[in-house]
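A.B. asks: The following block contains the structure, expressed as structure tokens.
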Ligand code: HEM
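Numbering (my numbering), first residue to last: 151 to 372.
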């Protein structure tokens with residue numbers, strides 16, 4: 151039997167109240183180590199005005215924000231397949247997989263890879279959300295720290311190498327965004343929209359890797 155419209159609407163409201171909404175920052179506290187929006191986070195050493203200036207330089211406009219948002223429903227249910235490709239790339243590149251190495255065994259640490267993967271999945275949705283507010287900015291600083299000696303391994307109590315070397319951070323933008331493109335095209339968007347979503351993703355990922363670079367740069371020179 152089909153529910154009456156009013157009953158269906160009430161049911162939807164009730165479910166929206168009790169179930170987590172889409173996967174976003176506010177509704178994802180259950181991901182171990184994911185701390186976007188938490189008070190414990192250090193305030194980013196760069197400001198929202200600095201971010202605006204960086205966006206100008208990257209030619210990142212309101213249009214890019216719109217196209218990132220357009221990509222969200224397209225990517226949201228493909229995150230596992232996307233991560234299979236990205237993790238496959240890292241796993242098959244010895245120069246990269248070494249950063250997930252377990253110091254005792256010398257082999258890739260499956261538990262560490264798995265724990266990071268859950269936050270990586272959330273990151274896809276957060277990037278598409280393009281919510282460039284202070285909480286987002288503070289979490290960019292945190293992600294940067296997690297790639298460096300300051301915080302790498304701490305979140306997952308991993309026994310691994312102490313940092314991801316700086317030179318690879320922005321370089322990975324290319325494989326990440328190149329391999330994302332077919333996923334953007336999978337849900338029937340026009341070729342022009344796929345191009346624009348892809349361009350927005352290239353800028354968004356490069357922008358984040360630049361923000362993550364802060365802890366690598368000499369005091370006062372970022
Ligand atoms: C486009 C460049 C990159 C992107 C988009 C990216 C994305 C991410 C994300 C989303 C996380 C989880 C952040 C969190 O804890 O919430 C993470 C952590 C991590 N990434 Fe990257 N990353 C990039 C470059 C690299 C490179 C080049 C390596 C080298 C293999 C790497 C290795 C790691 C490691 C080892 C962690 C875990 C750090 C920890 O111990 O907490 N990443 N990355």
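Glycine is no exception: its CB is placed at the ideal position from the N, C-alpha and C atoms.
No experiment lies behind these values; they were computed from the predicted model shown.
(1) Only counting the same chain, and skipping five residues up and downstream in sequence, which positions put a Cβ closer than 6 Å to that of residue 172?
(2) Please state whether DSSP places residue 195 in a helix, a strand or coil.
(3) If you measure from the CB of residue 251, is any heavy atom of the ligand HEM nearer than 7 Å?
(4) Indicate, with yes or no, if the ligand HEM has a heavy atom lying under 7 Å from the CB of residue 142.
(5) Could you tell me if the beta carbon of residue 309 falls within a distance shorter than 7 Å of some heavy atom in the ligand HEM?
(6) Relative to the alpha-carbon of residue 198, which residue among 304, 282, 264, 213 has its alpha-carbon at the smallest distance?
(7) Is it the case that the stretch 205-212 contacts the stretch 350-364, given that we only count it when at least three CB pairs across the two stretches are under 8 Å?
(8) Mapping DSSP to helix, strand and coil, what is residue 189?
(9) In angstroms with no decimal places, state the Cα-to-Cα distance between residue 309 and residue 260.
(10) Say yes only if the C-beta of residue 206 is nearer than 7 Å to one or more non-hydrogen atoms of the ligand HEM, and no if none qualify.
C.D. replies: In this structure, then:
(1) Confidence at residue 172 is low in this model, with a pLDDT of 39, below 50, so its placement is unreliable and the value that follows should be read with caution. Cβ-Cβ distances below 6 Å link residue 172 to nothing in the same chain once the five nearest sequence neighbours on each side are left out.
(2) Of the three classes helix, strand and coil, the one that applies to residue 195 here is coil, per DSSP.
(3) It does not: the Cβ of residue 251 is nowhere closer than 7 Å to a heavy atom of the ligand HEM.
(4) Any property of residue 142 remains undetermined from this structure, which presents the chain solely from 151 to 372.
(5) Relative to the non-hydrogen atoms of the ligand HEM, the Cβ of residue 309 never comes closer than 7 Å to any of them.
(6) Residue 198 has its Cα closest to that of 282, out of 304, 282, 264, 213.
(7) Segments in contact, yes.
(8) DSSP places residue 189 in the coil class of the three-state scheme, outside both helix and strand.
(9) Cα-Cα distance, rounded: 12 Å.
(10) Checking the Cβ of residue 206 against the ligand HEM gives no.
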